[in-house]
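So in my numbering the end of the sequence shown lands on 119, straight run, no missing numbers. Every residue, glycine too, gets a C-beta built ideally from N, C-alpha and C. The block underneath contains the structure these notes are about, expressed in C-alpha coordinates.
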Amino acid sequence: MSLLPFIPMMSLSPSIFPNLARGAIIDLLPSHFPFSLGTDGLFFGETQSRIVVSCRPEDFNQIRDLAHKNKAPLVKLGKVEGDKLIIGVKGEKLIDIGLDELEKLWRRALSRHM
(Lines of atoms letter the chains of each structure in order from A; the text may use other names.)
(Lines give C-alpha, C1' and ligand atoms only; values in the text may rest on other atoms or scores of the structure.)
Protein backbone atom coordinates (compact mmCIF):
# COMPACT_ATOMS: atom_id res chain seq x y z
CA MET A 6 0.00 0.00 0.00
CA SER A 7 1.38 3.40 -0.89
CA LEU A 8 0.14 6.55 0.78
CA LEU A 9 1.03 9.77 -0.89
CA PRO A 10 -0.09 13.32 -0.14
CA PHE A 11 0.16 15.15 -3.46
CA ILE A 12 2.74 12.81 -4.93
CA PRO A 13 5.67 13.75 -7.16
CA MET A 14 6.01 10.95 -9.69
CA MET A 15 9.80 11.05 -9.62
CA SER A 16 9.70 10.09 -5.94
CA LEU A 17 8.10 6.75 -6.66
CA SER A 18 10.99 5.28 -8.62
CA PRO A 19 13.77 5.55 -6.03
CA SER A 20 11.39 4.62 -3.22
CA ILE A 21 11.03 1.10 -4.63
CA PHE A 22 14.70 0.48 -5.48
CA PRO A 23 16.14 -0.49 -2.08
CA ASN A 24 14.70 -4.00 -2.25
CA LEU A 25 13.57 -4.25 -5.88
CA ALA A 26 11.40 -7.13 -4.78
CA ARG A 27 8.14 -5.27 -5.14
CA GLY A 28 6.62 -2.90 -7.60
CA ALA A 29 3.63 -0.63 -7.20
CA ILE A 30 0.30 -0.02 -8.84
CA ILE A 31 -0.82 3.61 -8.67
CA ASP A 32 -3.92 5.30 -10.12
CA LEU A 33 -4.12 9.08 -9.96
CA LEU A 34 -7.48 10.81 -9.94
CA PRO A 35 -8.22 14.55 -10.20
CA SER A 36 -9.85 14.39 -6.76
CA HIS A 37 -6.44 13.55 -5.25
CA PHE A 38 -5.20 17.09 -5.87
CA PRO A 39 -6.52 20.41 -4.52
CA PHE A 40 -5.29 22.23 -7.61
CA SER A 41 -5.27 21.56 -11.32
CA LEU A 42 -2.25 19.74 -12.70
CA GLY A 43 -1.97 18.41 -16.21
CA THR A 44 -0.56 14.95 -16.79
CA ASP A 45 2.94 16.45 -17.11
CA GLY A 46 2.50 18.16 -13.75
CA LEU A 47 1.38 14.92 -12.11
CA PHE A 48 4.48 13.11 -13.32
CA PHE A 49 7.14 15.79 -13.07
CA GLY A 50 5.75 18.59 -10.89
CA GLU A 51 7.97 19.75 -8.05
CA THR A 52 5.55 21.75 -5.97
CA GLN A 53 6.09 21.70 -2.23
CA SER A 54 4.75 19.46 0.53
CA ARG A 55 4.66 16.06 -1.06
CA ILE A 56 5.76 12.95 0.80
CA VAL A 57 5.83 9.31 -0.26
CA VAL A 58 4.86 6.91 2.53
CA SER A 59 4.46 3.14 2.32
CA CYS A 60 2.96 1.00 5.04
CA ARG A 61 1.50 -2.40 5.72
CA PRO A 62 -2.28 -2.48 5.18
CA GLU A 63 -2.85 -3.04 8.89
CA ASP A 64 -0.95 0.20 9.70
CA PHE A 65 -3.00 2.45 7.42
CA ASN A 66 -5.47 3.61 10.09
CA GLN A 67 -2.62 4.72 12.37
CA ILE A 68 -1.04 6.78 9.60
CA ARG A 69 -4.41 8.21 8.59
CA ASP A 70 -5.08 9.24 12.19
CA LEU A 71 -1.64 10.86 12.50
CA ALA A 72 -2.16 12.81 9.27
CA HIS A 73 -5.61 13.93 10.42
CA LYS A 74 -4.26 14.99 13.84
CA ASN A 75 -1.63 17.15 12.10
CA LYS A 76 -4.08 18.50 9.49
CA ALA A 77 -1.98 16.94 6.72
CA PRO A 78 -3.79 15.83 3.57
CA LEU A 79 -3.41 12.12 2.91
CA VAL A 80 -4.38 10.18 -0.19
CA LYS A 81 -4.16 6.44 -0.74
CA LEU A 82 -3.13 6.11 -4.37
CA GLY A 83 -2.28 2.47 -4.78
CA LYS A 84 -0.53 -0.55 -3.42
CA VAL A 85 2.88 -2.18 -3.37
CA GLU A 86 2.90 -5.45 -5.30
CA GLY A 87 4.32 -7.27 -8.27
CA ASP A 88 7.54 -6.68 -10.18
CA LYS A 89 6.56 -3.56 -12.13
CA LEU A 90 5.77 0.08 -11.57
CA ILE A 91 2.36 0.69 -13.10
CA ILE A 92 0.94 4.21 -13.04
CA GLY A 93 -2.37 5.30 -14.48
CA VAL A 94 -4.21 8.58 -14.60
CA LYS A 95 -7.99 8.33 -14.31
CA GLY A 96 -7.81 4.61 -15.03
CA GLU A 97 -5.69 4.97 -18.19
CA LYS A 98 -2.39 3.10 -17.84
CA LEU A 99 0.46 5.46 -18.83
CA ILE A 100 3.48 3.69 -17.35
CA ASP A 101 4.03 -0.07 -17.17
CA ILE A 102 7.71 -0.90 -16.68
CA GLY A 103 9.66 -3.70 -15.02
CA LEU A 104 11.70 -2.77 -11.96
CA ASP A 105 15.07 -3.75 -13.45
CA GLU A 106 14.53 -1.53 -16.50
CA LEU A 107 13.15 1.30 -14.37
CA GLU A 108 16.21 1.29 -12.12
CA LYS A 109 18.57 1.39 -15.11
CA LEU A 110 16.71 4.35 -16.61
CA TRP A 111 16.57 6.19 -13.29
CA ARG A 112 20.27 5.69 -12.48
CA ARG A 113 21.40 6.83 -15.94
CA ALA A 114 19.04 9.79 -16.31
CA LEU A 115 21.27 12.49 -14.80
CA SER A 116 24.50 11.35 -16.46
CA ARG A 117 22.79 11.35 -19.86
CA HIS A 118 22.01 15.05 -19.48
CA MET A 119 25.44 16.14 -18.26
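Nearest-angstrom Cα separation, counted from residue j out to residue i
i      : j      : result
TRP111 : GLY103 : 12 Å
ARG113 : LEU107 : 10 Å
THR44  : ILE56  : 19 Å
ALA72  : LEU34  : 20 Å
VAL94  : LYS81  : 14 Å
GLY96  : LYS74  : 31 Å
PRO78  : LYS109 : 33 Å
GLY87  : ILE30  : 8 Å
SER59  : SER116 : 29 Å
GLY28  : ARG69  : 23 Å
GLN67  : LYS76  : 14 Å
ASP64  : ASP105 : 28 Å
Closest residue to residue i among the options (Cα-Cα distance)
i      : options              : result
LYS84  : SER116, GLU97, PRO62 : PRO62
ASP101 : ILE91, GLU86, HIS73  : ILE91
ASP32  : LYS89, LEU99, ASP105 : LEU99
Delimiting residues of the alpha helix (DSSP H) encompassing residue i
i     : result
ILE56 : Taken as a continuous stretch (DSSP letters only), ILE56 belongs to no alpha helix (DSSP H), as it is neither H nor E.
ASP70 : 65–74
Residue range of the beta strand (DSSP E) that includes residue i
i     : result
ASP88 : Run containing ASP88: none; DSSP gives neither H nor E here.
LEU99 : 97–103
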